[in-house]
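214 is the number that numbering that gives the first Met the number 0 gives to position 215 of the sequence shown; each next residue is one higher, with no gaps.
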Amino acid sequence: MSLVPYALARPFLFGLDPEVAHEFTLNALARTQGTPLSWAYCNNRVDDPIELAGLKFPNRVGLAAGLDKNAHCIDGLGAMGFGFVEVGTVTPKPQAGNPKPRMFRLPQANALINRLGFNNDGLDAFLANVQRAACRQPGQRSAMLLGLNIGKNAATPIEAAIDDYLICLEGVYPHADYITVNISSPNTKNLRELQSDAALDALLGAIAAHRETLAKKHAKRTPIFVKIAPDLTPEQVAVIAATLLRHGMDGVVATNTTLSREAVAGLPHAEEAGGLSGAPVLTMSNRIISQLRDGLGKCFPIIGVGGILSAQDALSKIKAGADVVQIYTGLIYRGPELVKQAALAIKNSG
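Laid out in structure tokens, this is it:
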């Protein structure tokens, strides 16, 4: 059980620039994970197992990608009680991302806007960090699952995007419990074009073919999920669902951040470019989840993410059709306590 209520830490963190607070928190986690100081933020993991995509999730609440882009804090984040932690997005080569400032809080709406742009240290450094995590060491029996999220470099032309995804797929494949293909960040130019019919078909076809080669090489079949945006029409969702099924993908992550500003119009920073996350995305994300469930059938794995700031929000995603959920912005606004609250609510709802 956490020894330090997040309500005591939040005023300090919210007094800092959002990205400074982000880096401060990650550095603190990296320094304290695996030490007695981790009791400041640890939670007992709620036991509520579910099997999806051939994997046993110890509970149905995970951390969304984007918080720990370089996989520095896998053990610290896992100590918060998550059933699964997803790190990245990683790109083949290191990149600085977009110019600062590039993160903005909208506290009146329990929301964030970011335009980080896949800032990360590159695939080699990412994999070294994954392999250093205590929970990934031989002989360690960690129930928590680890997802590795892959993307393309900003400098790579969209026409050559498949090459970047295949490089990352090959690199992360032996180290991941599951892999997420991120084609939905609004902060890399033209990336969301990969969600269109022909482009998605080509990308997932290439990934599926390369996965068969890697499965034979490593004697394991690592599940592959695809992360999509909330800014899609029902027709686009139907095409995506059909394409996921056609290429044998193992699941979908719904959703990423939104470009819409309808829910935050008039608030400070509302017009900043980038993806909006937090409470305003809840209804949009749930709508996409419901449409995906209709198109994919009742057994296809869906990870629901977007706008979870309470246990009831987490439950709403399960009711919309998600099998498990992920948190990011809610962790910033509510702290690690939200993880256990959401996991217990989902467990008790069944």
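Every residue, glycine too, gets a C-beta built ideally from N, C-alpha and C. This structure is a prediction, so every number in the text was calculated from the model and none was measured.
- Secondary structure at glutamine 139: coil, using DSSP grouped into helix, strand and coil.
- When Cβ pairs closer than 8 Å are counted between the two stretches, the stretch 100 to 118 is seen not to touch the stretch 164 to 179, the count staying below three.
- Annotation: the stretch 134 to 218 contains the following complete segments of the beta strand (DSSP E) (minimum length 3 residues), in chain order: 144 to 149, 177 to 181.
- In this chain, the beta strand (DSSP E) harbouring valine 84 covers 83 to 89.
- Inclusion of aspartate 322 and isoleucine 345 in the CB contact set at 8 Å is not warranted, their separation being larger than that value.
- Around the Cβ of glycine 320, a 10 Å sphere holds 16 or more other Cβ atoms; the residue is buried.
- Taking a cut-off of 8 Å on C-beta distances, the stretch 64 to 76 does not touch the stretch 231 to 239, as fewer than three cross pairs fall below it.
- Spanning the alpha carbons of isoleucine 239 and alanine 197 requires a straight line of approximately 10 Å.
- DSSP, reduced to helix, strand and coil, places glycine 273 outside both helices and strands of the structure shown, so it counts as coil.
- Taking 8 Å as the cut-off, the Cβ atoms of arginine 44 and proline 57 count as close.
- Rounded to the nearest whole angstrom, the CA to CA distance from lysine 216 to valine 304 is 32 Å.
- If you compare the alpha carbons of Leu165, Gly277, Ala253 with that of valine 263, the shortest gap goes to Gly277.
- With at least 16 other beta carbons inside 10 angstroms of its own, aspartate 249 counts as buried.
- If you look at asparagine 113, you'll find it in the beta strand (DSSP E) that goes 110 to 113.
- By the Cβ-count criterion, arginine 59 is buried, with 16 or more other Cβ atoms from all chains shown falling within 10 Å of its own Cβ.
- Bounds of the beta strand (DSSP E) holding glutamate 50 are 49 to 51.
- With distances taken between CA atoms, glutamate 158 lies nearest to Ala201 out of Ala201, Asp46, Arg210.
- DSSP places valine 238 in no beta strand (DSSP E) but in the uninterrupted alpha helix (DSSP H) bounded by 233 to 245.
- According to the DSSP secondary-structure assignment, valine 19 is paired through a beta bridge with no residue.
- Between the alpha carbons of histidine 21 and serine 348 lies a gap of roughly 33 Å.
- Annotated three-state conformation of methionine 283 is helix, per DSSP.
- Distances from the alpha-carbon of alanine 175 to those of Lys151, Leu165, Pro185, Gly146 put Gly146 closest.
- As computed with DSSP, isoleucine 302 is found in a beta bridge with Val252, Val323.
- Residue state for isoleucine 223 is assigned as strand, using DSSP reduced to three classes.
- Here cysteine 41 is buried: its Cβ has 16 or more other Cβ atoms, across all protein chains shown, within 10 Å.
- Counting the other CB atoms within 10 Å of its CB gives threonine 257 a total of 16 or more, which places it among the buried residues.
- Taking C-beta separations shorter than 6 Å and ignoring five residues to either side along the sequence, the partners of glutamine 340 in its chain run Ala310, following chain order.
- Here arginine 114 is near alanine 272, since their CB atoms are less than 8 Å apart.
- Glutamate 85 is classed as buried because its beta carbon has at least 16 other beta carbons within 10 Å across all chains shown.
- Note on geometry: alpha-carbon atoms of tyrosine 332 and arginine 9 lie some 8 Å from one another.
- Inter-residue distance for glycine 294 and valine 236 is about 8 Å (C-alpha atoms, whole angstroms).
- Residue pairing for lysine 55: DSSP places it in a beta bridge opposite Glu50.
- Distance from the CA atom of glycine 61 to the CA atom of alanine 78, rounded to whole angstroms, is 12 Å.
- Bounds of any beta strand (DSSP E) do not take in leucine 266, whose DSSP letter is neither H nor E.
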